[in-house]
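Report on one structure; see the data block that follows.
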Amino acid sequence: MMTLKNSAPSSRLPGFHNLSIKERQEIIKKLSGLTNEEIDQLNNFGNLGMELGIKFSENVIGGYTLPISIATNFQINSKDYLVPMVTEESSVVAAASYGAKLARKYGGFVCDPLENLMIGQLQILLEKRDDIENFIRPLKSEFLRKINEQHSTLSSVGGGAKELRFRKIQSSRGGMGILELEVDVVDAMGANIVNSMMETLGKLLQRKYHEKIRAKIVSNLAIGRICKCKAIFDTEEMGRDVAHKLVDIYAFAEADPYRAVTHNKGIMNGIIALALATGNDTRALEAAAHGYASIDGKYRPLSRFYLNEEGNLVGSISVPLPMGIIGGITSMNPVSRIALKILGISTATELIQIASAVGLAQNISALRALADEGIQKSHMRLHARKFENRR
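Quick note: to get this note's numbering, add 2 to the position in the sequence shown (first position is 1).
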């Protein structure tokens, strides 16, 4: 077992990753002054179990659990869903359920069909004499074929590399050529398979551009997985005066990036809670959403609200959502598989549509509270419940 040279806390722990979880706990216990009861708390891995839990990360010393809840009232494309959500914030589930309730009167949420396209990027440093585009053009079909041959499982289910594009950019380090591979990832989130395909493409180019190739990586700006969703909300339920105030607050977000960031954070409250429940990459989702919100050079809200000719409140959302139902943690975590079973879905497309509806429901509910009683009153009423048993 690793021994400590002195009692002063130090982050320099060579070989820490080679130790058993018990040995790591013992070191952290001594360095941080943890009690036996606190170590016992760390041993709670929940339904994941310690054996699987220690495979999910490096230098594991324990487990961290959050509750899984169900948001109700969701009707999306004429189908009802129970939506599992993992979050520490009680108002998130309540808000999503209420937003979905407001949409039911007029048929719930309608989400457009979408494709499951991800983009991989390969960076090549350019010199003035380089003519990469003319080199790539006659070889494009061959490159796509070879990439798909190397990743035949995806191709066998209708996915795979579909398009190869080239563009030039100028950077602080000079000119660069960017090869972009468009990949249909079907029901996967897709990052791992796209990264593998970019490595394959790099090998195909290695003989000619070996010294000039740099990054070979997926782009998380998933514009090939933008989901558009729309709903008409029950204006009588929320009150017409509140609906008018809500549109004013939306206009504030449309005009001001400081407000727009908070507006979009509310949307992501719901989407991330669903992503956690289903084992999806929350960091990729945040990056995609906020990148798309500023894609035209100004940060904007991901949703839009207006009053139609009948005086009803209409809301819509457009958001890129790189999500999957197979692979990665989604396949490994037993609770994520249970969450997918509760949803009753069989494709990533359906999950993405649900996520966009959840984001819009979350958004309308937060804006309604902001326009009516104020966000803090409604939020803190639910937040206070966490502490009732600790008094």
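By construction, the Cβ of each residue, glycine as well, lies at the ideal position given by its N, Cα and C atoms.
Can you name, in chain order, every residue of its own chain whose Cβ lies under 6 Å from the Cβ of R167, other than the five neighbours on each side? By 1-based counting over the sequence shown, the position of residue 167 is 165. Closer than 6 Å at Cβ, skipping near neighbours: E182.
What's the gap between the Cα of K205 and the Cα of I195? Against the sequence shown, residue 205 aligns to sequence position 203. Against the sequence shown, residue 195 aligns to sequence position 193. If I take the Cα positions, the gap works out to 16 Å.
Taking 7 Å as the threshold (C-beta atoms), are A105 and K247 in contact? Start at 1 with the first residue of the sequence shown, and residue 247 comes out as number 245. Start at 1 with the first residue of the sequence shown, and residue 105 comes out as number 103. No, these two residues do not count as a Cβ contact at 7 Å.
Using a Cβ-Cβ cut-off of 7 Å (strictly less than) and excluding sequence neighbours within five positions of E165, which residues of its own chain qualify? Taking the sequence shown and counting its residues from 1, the one referred to as residue 165 is at position 163. Excluding residues up to 5 positions away in sequence, E184 lie with their Cβ nearer than 7 Å to the Cβ of E165 in the same chain.
Please report the straight-line C-alpha distance between G326 and K343, rounded to a whole angstrom. In the sequence shown, counting from the first residue as 1, residue 326 sits at position 324. In the sequence shown, counting from the first residue as 1, residue 343 sits at position 341. Approximately 14 Å between the Cα atoms of the pair.
Where does N66 land, buried or exposed, given buried means 16+ other C-beta within 10 angstroms? Translated into positions along the sequence shown, residue 66 becomes position 64. Checking the displayed sequence, the identity of residue 66 turns out to be Tyr instead of Asn. That one is exposed.
Helix, strand or coil at E182 [DSSP, three-state]: Here residue 182 refers to the residue found at position 180 of the sequence shown. Look at E182 here: in three-state DSSP terms it is strand.
With a cut-off of 8 Å on the beta carbons, I'd call I78 and I356 a contact; round off their distance for me. For the purposes of this step, residue 78 is taken as the residue at position 76 of the sequence shown. For the purposes of this step, residue 356 is taken as the residue at position 354 of the sequence shown. Taking 8 Å as the upper bound for CB-CB distance, I78 and I356 are in contact here, some 6 Å apart.
Compare the Cα-Cα distances from S59 to each of I354, G330, V337 and report the closest residue. Translated into the one-based positions of the sequence shown, residue 59 becomes position 57. Among I354, G330, V337, the Cα nearest to that of S59 is on G330.
Are the segment 274-281 and the segment 330-339 touching by the rule of at least three beta carbon pairs closer than 8 Å? Yes, they touch.
Helix or strand or just coil, what does DSSP make of G122? If you number the sequence shown from 1, residue 122 lands on position 120. Strand at G122.
Within the segment 166-210, note down every full beta strand (DSSP E) run reaching 3 residues or more, in order along the chain. For the segment 166-210, whole beta strand (DSSP E) runs of length 3 or above, ordered along the chain, are 176-186.
Identity of the residue in N365, E151, Q43 nearest I273 by Cα: Start at 1 with the first residue of the sequence shown, and residue 273 comes out as number 271. A check of alpha carbon separations from I273 across N365, E151, Q43 identifies N365 as the nearest.
Tell me which residue opens and which closes the beta strand (DSSP E) that F307 is part of. On the sequence shown, residue 307 is found 305 positions in, with the first residue counted as 1. Taken as a continuous stretch (DSSP letters only), the beta strand (DSSP E) holding F307 covers 305-309.
Which residue spans inside the segment 202-254 form an unbroken beta strand (DSSP E) run of at least 3? Runs of the beta strand (DSSP E) inside the segment 202-254: 215-221, 228-235.
Would you call the segment 113-131 in contact with the segment 200-216, where contact means no fewer than 3 C-beta pairs closer than 8 Å? Yes: the two stretches touch, three or more of their Cβ pairs being nearer than 8 Å.
Between R139 and chain D, is any beta-carbon pair separated by less than 7 Å? Among the protein chains of the structure shown there is no chain D, as only one such chain exists.
Backbone secondary structure at N75 - three-state DSSP: What you label residue 75 is simply residue 73 of the sequence shown in a count that begins at 1. Secondary structure at N75: strand, using DSSP grouped into helix, strand and coil.
On the criterion of 16 or more Cβ atoms from any shown chain inside 10 Å, does P69 qualify as buried, or is it exposed? Residue 69 sits at position 67 when you count from the first residue of the sequence shown. Its Cβ having fewer than 16 others within 10 Å, P69 is exposed.
Going by DSSP, what residue range makes up the alpha helix (DSSP H) through K24? On the sequence shown, position 22 is the one that residue 24 refers to. Unbroken alpha helix (DSSP H) run through K24: 23-34.
Same chain only: Cβ atoms within 7 Å of V244, ignoring 5 sequence neighbours per side: Taking the sequence shown and counting its residues from 1, the one referred to as residue 244 is at position 242. Excluding residues within five positions, the ones whose Cβ falls inside 7 Å are R370, A373, D374.
Rounded to a whole number of angstroms, what is the C-alpha to C-alpha distance between M240 and F307? Along the sequence shown, read from residue 1 onward, the residue named residue 240 stands at position 238. Along the sequence shown, read from residue 1 onward, the residue named residue 307 stands at position 305. Between the alpha carbons of M240 and F307 lies a gap of roughly 14 Å.
Contiguous alpha helix (DSSP H) assignments of at least 4 residues, all confined to the segment 329-378: Whole alpha helix (DSSP H) segments, 4+ residues: 330-334, 336-345, 350-373.
Could you tell me whether the segment 222-239 touches the segment 94-113, where touching means 3 or more Cβ pairs closer than 8 Å? Counting Cβ pairs under 8 Å, three or more are found: they touch.
Does the distance from the C-beta atom of N271 to that of V94 stay below 7 Å? The count along the sequence shown starts at 1 and reaches residue 271 at position 269. The count along the sequence shown starts at 1 and reaches residue 94 at position 92. Closer than 7 Å, so yes.
Measuring straight from C-alpha to C-alpha, what distance separates A286 and K210? Against the sequence shown, residue 286 aligns to sequence position 284. Against the sequence shown, residue 210 aligns to sequence position 208. Distance between the alpha carbons of A286 and K210 is about 33 Å.
Would you mind giving the Cβ-Cβ distance between D189 and T349, rounded to the nearest angstrom? I have them listed as a contact below 8 Å. The count along the sequence shown starts at 1 and reaches residue 189 at position 187. The count along the sequence shown starts at 1 and reaches residue 349 at position 347. With a Cβ gap of about 6 Å, D189 and T349 count as contacting.
Are E117 and G192 close, meaning C-beta to C-beta below 7 Å? On the sequence shown, residue 117 is found 115 positions in, with the first residue counted as 1. On the sequence shown, residue 192 is found 190 positions in, with the first residue counted as 1. No, Cβ-Cβ distance for E117 and G192 is not below 7 Å.
Can you tell me which of R169, L119, M87, V112 puts its alpha carbon nearest to the alpha carbon of D133? As a first step, residue 133 is located in the sequence shown; it is residue number 131 there, counting from the start. For D133, the closest of R169, L119, M87, V112 by C-alpha to C-alpha distance is R169.
On a Cα-Cα basis, can you pick out the residue from L21, L33, G64, G55 that is closest to D42? Position 40 of the sequence shown holds residue 42. For the set L21, L33, G64, G55, the Cα lying nearest the Cα of D42 is the one of G64.
Tell me, to the nearest whole angstrom, how far the beta carbon of P259 is from that of A290; I am working on the premise that it is less than 8 Å. One-based indexing of the sequence shown puts residue 259 at position 257. One-based indexing of the sequence shown puts residue 290 at position 288. That pair is no contact at about 18 Å.
Tell me which same chain residues have a C-beta within less than 6 Å of the C-beta of K232, skipping the five on either side of it? As a working note, residue 232 is residue 230 in the sequence shown. Excluding its 5 nearest sequence neighbours in each direction, K232 has C-beta neighbours in its own chain below 6 Å: V112, S318, listed in chain order.
How long is the line joining the alpha carbons of G55 and G48, rounded to whole angstroms? The count along the sequence shown starts at 1 and reaches residue 55 at position 53. The count along the sequence shown starts at 1 and reaches residue 48 at position 46. When rounded, the distance between both Cα atoms is 9 Å.
Spatial neighbours of I251 within its chain, please: C-beta separation below 7 Å, excluding the five flanking residues on both sides. Numbered from 1 along the sequence shown, position 249 holds the residue referred to as residue 251. Shown here for I251: same chain residues with a beta carbon closer than 7 Å to its own, the five before and five after excluded, namely L369, L372, A373 in chain order.
Let me know the secondary structure DSSP gives M325 once reduced to three states. As a first step, residue 325 must be located in the sequence shown, where it is residue number 323. Per DSSP, reduced to three states, the secondary structure at M325 is coil, with no helix or strand assignment.
Name the two residues that bound the continuous beta strand (DSSP E) containing Y83. As a working note, residue 83 is residue 81 in the sequence shown. Here the beta strand (DSSP E) through Y83 covers 81-88.
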